[in-house]
Amino acid sequence: MALFTAQVIGNDPGRLDVHGATGGPVPLTTQPFFISINSSVDPLVPGFEPPGGLVTKGDGQFTPAIFNPFAAWATLPPTSPRAAVARGQLIFNSRPINITGVAGINDDLTAGGSLQGTCGTCHDTPNVGNHSFPTPLNIGTGDPGPSASASLGGLDISYLPSITVCKLDLTTNPPTPTSNCKTTTDLGQALIDGKFDHVGKIKGPILRGLSARAPYFHNGSAQTLMDAVHFYEVRFGLVLTPQDESDLVAFLSAL
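Taking the working numbering, the leading residue of the sequence shown gets 862, the next gets one more, and so forth.
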């Protein structure tokens, strides 16, 4: 027995499984899945995750085209709400994002610096959108509020308490704090394993059924899907027109 959750009807596009579209939960029942399917990280950081694959485990294939339920709507009249969903799907699948400062990706890349990716770099499970291997990342949603110099995303999380933690020098007895410190509103994975490098790392969520579960991000700091889109624009310098923003929200609302 399994449970599959997805949006069936949208306020603007109506039913999400008509005119060639395959929205809703039923198609998910036959969607292939295995741990590390379509992994985007393993080719970049060998050994960091199990070898990824798209058709079979370890075949090394990756596609940034994560979602395909609404491709058939791309040929509808441009003013159609369903065409907006299809355009948003294309943005999600293909719009380049310069990924920088993400603990769990950039700090583990031997090349360091930045990585040219897409939404699918982190949301790589086909037609589901979480990370297919449990790889917690810190994209900045737990960083201090926008008035703090350490803010990376512009989210207003001033209502959350800030926590400053420092790395321990394990060569001393007893271990002593070093000057290598981080300030966050959420310790993330470090709260489980106590590792300093894991401070603020959070597992990415499944993206289906988003319309029914606002607010967004692990701490509820984005009240709407548009707020979440604005975060990525600020955090990663993602350039979207107002039409792009509207289309992307239409797509996310249809999942």
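Don't be surprised by glycine CBs; every beta carbon is placed ideally from N, CA and C.
If distances are taken between C-alpha atoms only, which option among the options comes closest to residue i?
i	options	result
residue 1087	1069, 991 and 1076	1076
residue 1064	964, 952, 867 and 874	964
residue 898	884, 885, 886 and 920	920
residue 979	954, 986 and 987	954
residue 1056	1066, 1073 and 1031	1031
residue 1094	1001, 925 and 1036	1001
residue 1040	1116, 1028 and 1049	1028
Between which two residues does the alpha helix (DSSP H) containing residue i stretch?
i	result
residue 839	It is not possible to answer for residue 839, since the shown part of the chain is limited to 862 through 1116.
residue 1026	No alpha helix (DSSP H) holds residue 1026; the beta strand (DSSP E) holding it covers 1024-1030.
residue 864	Where residue 864 is concerned, there is no enclosing alpha helix (DSSP H), given that its DSSP letter is neither H nor E.
residue 1086	1086-1097
Taking the beta strand (DSSP E) that residue i belongs to, which residues open and close that run?
i	result
residue 976	975-978
residue 1038	1037-1045
If I'm right that residue i touches residue j with Cβ under 8 Å, what's the distance once you round it to whole angstroms?
i	j	result
residue 944	residue 938	6 Å
residue 923	residue 900	7 Å
residue 878	residue 885	5 Å
residue 1099	residue 1071	That belief does not hold up - the Cβ atoms of residue 1099 and residue 1071 are roughly 18 Å apart, past 8 Å.
residue 1022	residue 1046	7 Å
Look up residue i in the DSSP assignment and give the residues it is bridged to.
i	result
residue 871	875
residue 964	999
residue 1060	1049
residue 1034	Partner(s): none; residue 1034 has no beta bridge.
residue 1077	1083
residue 959	977
Problem - Unbroken stretches of the beta strand (DSSP E), 3 residues or longer, contained in the segment 882-957 - result: Listed in chain order, nothing qualifies, since the segment 882-957 has no complete beta strand (DSSP E) run of 3 or more residues.
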